[in-house]
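Residue numbers (the UniProt record's numbering): 1 to 170. Cβ coordinates follow ideal geometry from the N, Cα and C atoms, glycine included. Note that the structure is predicted; figures quoted are calculated from it, not measured. These notes are about the structure you will find just below.
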Amino acid sequence: MRAKTPSESRTVMTDLVLPSETNPLNNLFGGELLARMDRAASISARRHSRRITVTASVNHVAFNRAVPLGSVVTVEAAVSRAFNTSMEIFIDVWIEDRFTGERTKANEAIYTFVAVDDTGKPTEVPPLEPETDLEKERYAAALRRKQLSLVLAGKLKPSDATELKALFTS
1 MRAKTPSESR TVMTDLVLPS ETNPLNNLFG GELLARMDRA ASISARRHSR RITVTASVNH
61 VAFNRAVPLG SVVTVEAAVS RAFNTSMEIF IDVWIEDRFT GERTKANEAI YTFVAVDDTG
121 KPTEVPPLEP ETDLEKERYA AALRRKQLSL VLAGKLKPSD ATELKALFTS
């Protein structure tokens, strides 16, 4: 199976925040943003695996800035690491100043998707080869995040979490 680069899975979705998508403070509902991120991540996972993909978990979401009514919102998603049947997708959310066009990072998230066959059984995905410094940083951190998740779920002994242990020992 040929290794792929994060740019091959990159998905960019741009949309406008409409009144029906806002809360009483006229900011985008968090759930609406989660749905947009899930759609972009799903497309990235499918582009990488060329399989049906399902959301396995939302590992991290940071709502750092409100997204006001009328904002142009861009959701950028790309596979940050591929494991056996799962893929970590890193998502950046940007808002655009309507007067200057300047983009500001508003939020970010990390989702995990699993590739499945037509019967819903998990299936192997291609490996990932990061190219840029940012892609390499996210790739390396993905294994630590996965090990932490497995330790917390009781599926991996802390003593076997080699990448996590390396953070605390020299």
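DSSP three-state label for residue i, please.
i, result
"E135", "helix"
"R103", "strand"
"K155", "coil"
Could you check whether residue j and residue i sit closer than 9 Å to each other, using their CB atoms as the reference points?
i, j, result
"I89", "T104", "no"
"P130", "Y139", "yes"
"A77", "S149", "no"
"T169", "Q147", "no"
"V61", "T14", "no"
"P6", "E135", "yes"
"T53", "M1", "no"
"A56", "V79", "no"
"T123", "S49", "yes"
Looking at the unbroken beta strand (DSSP E) that takes in residue i, where does it start and where does it end?
i, result
"L16", "11-16"
"R50", "R50 -> no beta strand (DSSP E), and no H or E assigned at all."
"S80", "72-82"
Report back the beta-carbon spacing between residue i and residue j to the nearest angstrom; my notes put them in contact at under 8 Å.
i, j, result
"L28", "V17", "5 Å"
"N59", "I110", "4 Å"
"R65", "A106", "4 Å"
"G30", "F63", "6 Å"
"S71", "I95", "5 Å"
"A115", "R47", "Not quite, the Cβ-Cβ distance comes to about 11 Å (not below 8 Å), so this is no contact."
"N26", "P68", "6 Å"
Check the DSSP bridge columns for residue i and list the partner residues they point to.
i, result
"L62", "With the sequence shown as reference, residue 62 is identified as Ala, and Leu is not the correct amino acid for it. Beta-bridge pairing links A62 to E108."
"M37", "Note: M37 sits in no beta bridge, so no partner."
"V125", "In the DSSP output, where bridge partners are listed per residue, V125 has none listed."
"S57", "T112"
"I95", "V73, T104"
"M87", "A82, F113"
"N26", "Bridge partners of N26: none, in fact."
"P68", "N27"
If I follow the unbroken alpha helix (DSSP H) through residue i, where does it start and stop?
i, result
"E163", "162-168"
Using beta carbons (cut-off 9 Å, strictly below), is residue i in contact with chain D?
i, result
"T53", "In the structure shown, chain D does not exist; there is a single protein chain."
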